[in-house]
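For reference, the structure is listed below as structure tokens.
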Amino acid sequence: MPKFLTAWHPSPYLLLVLTTLFWSGNFVLGRAVHTVFTPFTLSFWRWAVALAILLPFVWASLREQAPLIRRHGLILLLLSILGVVNFNTFVYIGLQSTTATNALIMLSVTPVLIVALSFLLLRQTVTGWQALGILISLAGVLVIIGHGDAGALLARQFNPGDLWVLAAVASWALYSVCLRWRPAKLEPLNFQAATMVIGMAILTPLYGWDLAQGYTVAVNVATVGSILYLALFPSILAYIFWNRAVAELGANRTGQFLHLMPAFGAVLSMIFLGERLYGFHAAGVALIALGIWLATVYGRKPA
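Numbering (the working numbering), first residue to last: 497 to 799.
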């Protein structure tokens, strides 16, 4: 890990607040530049620059652990597809036609999707309260997707952007479940770098397709600044801060801070994008929050 970060010992709670702020900024910035970058181009340059920043710090240890990386190539490929390629690209595709506020609210359903996928894929026990929480949270997502209009849901009049974001959330939940098979001896930053390298191998031909279509991006302060923010803050620093907080507080307490993201996102979206909050946002948030509470807190008890 970079020495200047290992020498810095702030409160883990401060690290978690910064992490969720950085990740919220990813959604808001993704929406802000949706007319400037295509999703493939934004994903490509985000991870290319992040990898260029990270590699000098991990190159020596990455080479030492290369045999371990090769032995676990298949699971690293799967995790890279789900967490590096799919999640971010799907979010950026979704933000072409939906709001950052909608996207961040739907992201908050991730904890209950993890519970549901753990049951479906790993046959982990799900209590009655957890099942109820999953259903209520999904109802909250439907309220957001339908903009509070049951008729739109019945007529299947969905915003494609909302569906892409929902696919991104499902991909991240599946990534989280599959992390149980991550190589235990692989250093955290080496794991991050390895999945970035694999992700870049997948994103490069997609970026090449953009170039073949004649798509270009103007190089200016706004575009360069956007890529630097995405590469440094949500891609590298947030990851380092998150893992340090998990080590000090544990995964359960740390995970609760993800619920700050819709709040941060709503404020940032109103300030920088001029987005507005509507009644269906409040209804969706209330249902998702109730579902999360039932599934993660009260859900430990049998129904």
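Positions of the beta carbon are idealized from the N, C-alpha and C atoms, including for glycine.
Measuring CA to CA, which of the options is closest to residue i?
i	options	result
residue 779	555, 709, 598 and 695	598
residue 636	612, 790, 580 and 786	786
residue 689	511, 522, 565 and 506	565
residue 631	608, 647, 640 and 621	608
residue 458	700, 754 and 669	Only positions 497 to 799 of the chain appear in this structure, which leaves residue 458 out of reach.
residue 529	590, 677, 573 and 555	590
residue 563	660, 523, 634 and 681	681
residue 558	713, 784 and 683	683
residue 511	764, 767 and 743	743
residue 581	776, 644, 711 and 538	538
residue 509	738, 520 and 710	738
residue 729	522, 654 and 625	522
residue 520	782, 725 and 750	725
residue 791	629, 641, 768 and 753	629
residue 542	711, 721, 634 and 685	721
residue 573	645, 698, 793 and 663	698
residue 643	679, 578 and 655	655
residue 618	783, 670 and 663	670
residue 754	606, 620 and 578	606
residue 706	513, 540 and 527	540
residue 663	556, 579 and 507	579
residue 679	561, 708 and 507	561
Would you tell me roughly how many angstroms separate the C-alpha atoms of residue i and residue j, rounded to the nearest one?
i	j	result
residue 715	residue 532	11 angstroms
residue 657	residue 594	5 angstroms
residue 515	residue 536	24 angstroms
residue 673	residue 773	32 angstroms
residue 702	residue 568	25 angstroms
residue 505	residue 741	11 angstroms
residue 500	residue 639	Note that residue 500 scores 48 on pLDDT, short of 50, meaning its location in the model is unreliable; the coordinates nonetheless yield the value given after this. Taking the straight line from one Cα to the other gives about 45 angstroms.
residue 623	residue 596	33 angstroms
residue 719	residue 627	44 angstroms
residue 615	residue 583	21 angstroms
residue 830	residue 552	The structure shown does not extend to residue 830, since the chain is modelled only from 497 through 799, so no value can be given for it.
residue 625	residue 789	10 angstroms
residue 750	residue 517	14 angstroms
residue 776	residue 641	9 angstroms
residue 781	residue 634	11 angstroms
residue 571	residue 620	21 angstroms
residue 771	residue 527	11 angstroms
According to DSSP, simplified to helix, strand and coil, what is residue i?
i	result
residue 598	helix
residue 533	coil
residue 683	coil
residue 655	coil
residue 714	coil
residue 500	Unreliable placement is indicated for residue 500, whose pLDDT of 48 sits below 50; the coordinate value is still reported in the next sentence. In this structure, residue 500 counts as helix in the three-state DSSP scheme.
residue 506	coil
residue 688	helix
residue 703	helix
residue 568	coil
So, at 7 angstroms on beta carbons, what are the nonlocal neighbours of residue i in its own chain, with the 5 sequence-adjacent residues on each side left out?
i	result
residue 732	546, 549 and 550
residue 735	688
residue 603	665 and 757
residue 554	685, 686 and 689
residue 727	542, 545, 546 and 549
residue 793	none
residue 723	541, 542 and 545
residue 713	532, 533, 537 and 719
Using a Cβ-Cβ cutoff of less than 6 angstroms, which residues in the same chain neighbour residue i once the five nearest sequence positions on both sides are dropped?
i	result
residue 576	691, 694 and 695
residue 647	none
residue 660	586, 589 and 590
residue 704	none
Spatial neighbours of residue i within its chain, please: C-beta separation below 8 angstroms, excluding the five flanking residues on both sides.
i	result
residue 675	575
residue 524	596, 761, 764, 765, 768 and 769
residue 711	534 and 537
Would the beta-carbon of residue i be found less than 7 angstroms away from any heavy atom of the ligand NAP?
i	result
residue 669	This structure simply doesn't include the ligand NAP, nor any ligand for that matter.
Does the stretch 753-767 come into contact with the stretch 611-618, if we say contact requires no fewer than three beta-carbon pairs (one atom in each stretch) closer than 8 angstroms? Cβ pair count under 8 angstroms is below three, so no.
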